[in-house]
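**Student:**
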Amino acid sequence: MSNKIVLAGNKNLLKTAITQILAVHQIIEQKDFGGSSGYRELESIPRKGKPKVTLFFLEDTNFNQVGTNPNTPQGRRRTEGVIRFRLMDETTQTFSKTNATTLGRRIKEVFGVNGGFVWNKGKTLYSYGDWELGYQFQLLCRTKTEAKRIITAVLSLQSHPIDWKFLFENKNDQEALAYPEIPEQQVVMGELVAKPRIRPNVDVRFQYAYVSLSGVKDPILLYDRTNKKAGALVN
Numbered sequence: 000m001s002n003k004i005v006l007a008g009n010k011n012l013l014k015t016a017i018t019q020i021l022a023v024h025q026i027i028e029q030k031d032f033g034g035s036s037g038y039r040e041l042e043s044i045p046r047k048g049k050p051k052v053t054l055f056f057l058e059d060t061n062f063n064q065v066g067t068n069p070n071t072p073q074g075r076r077r078t079e080g081v082i083r084f085r086l087m088d089e090t091t092q093t094f095s096k097t098n099a100t101t102l103g104r105r106i107k108e109v110f111g112v113n114g115g116f117v118w119n120k121g122k123t124l125y126s127y128g129d130w131e132l133g134y135q136f137q138l139l140c141r142t143k144t145e146a147k148r149i150i151t152a153v154l155s156l157q158s159h160p161i162d163w164k165f166l167f168e169n170k171n172d173q174e175a176l177a178y179p180e181i182p183e184q185q186v187v188m189g190e191l192v193a194k195p196r197i198r199p200n201v202d203v204r205f206q207y208a209y210v211s212l213s214g215v216k217d218p219i220l221l222y223d224r225t226n227k228k229a230g231a232l233v234n
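Be aware that the sequence shown starts at 0, since it is given in numbering that gives the first Met the number 0, and climbs by one per residue.
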């Protein structure tokens, strides 16, 4: 049996339908990508070769997290968050260092102030897809208000308009049971070990941003709020 999905119809309606399908698939697979789908770009959407910007977030070590298990070992892996989008007006050939620096400064203005932009991650998946502008978000948030706040911030980087008809909410009817804050334990090599947390209520803070160019091996570091990485265009 073929695993292909064939869609036909109005182009604008298809963009919304594709975003919904990706969101539902992510829920079924229970993949915690955080902020952005990792699926291969669809050839029917003219995004191939467009520069891809990545915003990286990381849980603080000293946050008093909502729902955090006080017995959680201090050594557990911190939660991450990733948001990606395409620069649809650029290509590898046209994207200059000046353009990159300008974008880095804008990211610093929006995400680097006040100790870094904090994303309140949660259990509900919000998808927002405006393919022509280069956006296909999969955001785990606690509220729709939080999802809108993040989307507004990202789109403001390029002064793009927001169209809320592209925003969809995918909510489990029993979120507390499906994604418990205190995960179940399992026996591993004779010892009780907590299962990985799925969609925890946790705050992640913006760390750095980079852009990936088609045909270029290493990404270009646009801005590093932490000052821990070398070579950032903006500090």
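Using N, Cα and C, we set each Cβ at its ideal position, and we do this for glycine too.
Computed from a predicted structure; not experimentally measured.
According to DSSP, simplified to helix, strand and coil, what is Phe205?
**Tutor:** Working through the sequence shown from its first residue, we reach residue 205 at position 206. In the structure shown, Phe205 sits in a strand (DSSP, three-state: E or B).
**Student:** Output yes or no for whether 8 Å exceeds the beta carbon distance between Leu166 and Tyr127.
**Tutor:** Residue 166 sits at position 167 when you count from the first residue of the sequence shown. Residue 127 sits at position 128 when you count from the first residue of the sequence shown. In contact: Leu166 and Tyr127 (Cβ atoms closer than 8 Å).
**Student:** Does Phe136 come out as helix, strand or coil in the three-state DSSP assignment?
**Tutor:** As a first step, residue 136 is located in the sequence shown; it is residue number 137 there, counting from the start. Strand, per DSSP.
**Student:** Between Glu89 and the rest of its own chain, which residues show a CB-CB distance below 8 Å, the 5 nearest in sequence each way excluded?
**Tutor:** Indexing the sequence shown from 1 puts residue 89 at position 90. Within the same chain, Glu89 has close Cβ partners Lys49, Pro50 and Asn98.
**Student:** Considering only DSSP beta bridges, list what Phe56 is partnered with.
**Tutor:** Residue numbering aside, residue 56 sits at position 57 when the sequence shown is read from its first letter. Gly80 and Phe205.
**Student:** According to DSSP, is Ala193 helix, strand or coil?
**Tutor:** In the sequence shown, the residue the question calls residue 193 occupies position 194. Strand, per DSSP.
**Student:** Since Val210 sits in a beta bridge, which residues does DSSP pair it with?
**Tutor:** Locating residue 210 in the sequence shown gives position 211, where the first residue counts as 1. Answer is Val52 and Ile219, bridged to Val210.
**Student:** Could you check how far apart the C-beta atoms of Thr91 and Gly230 are, in whole angstroms? I think they sit under 8 Å.
**Tutor:** The residue labelled residue 91 in the question sits at position 92 within the sequence shown. The residue labelled residue 230 in the question sits at position 231 within the sequence shown. Wrong, their Cβ atoms sit about 19 Å apart, outside the cutoff.
**Student:** Could you tell me whether the Cβ atoms of Val233 and Leu221 are closer together than 8 Å?
**Tutor:** For the purposes of this step, residue 233 is taken as the residue at position 234 of the sequence shown. For the purposes of this step, residue 221 is taken as the residue at position 222 of the sequence shown. Yes, these two residues count as a Cβ contact at 8 Å.
**Student:** Looking only at DSSP bridge pairs, what is Arg148 linked to?
**Tutor:** The residue labelled residue 148 in the question sits at position 149 within the sequence shown. The partner list for Arg148 (beta bridge, DSSP) is empty, contrary to what the question assumes.
**Student:** Starting from the Cα of Thr225, find the closest Cα among Lys96, Glu190, Phe116 and Leu102 and give me that residue.
**Tutor:** For the purposes of this step, residue 225 is identified with residue 226 of the sequence shown, where counting begins at 1. Closest by alpha carbon: Phe116.
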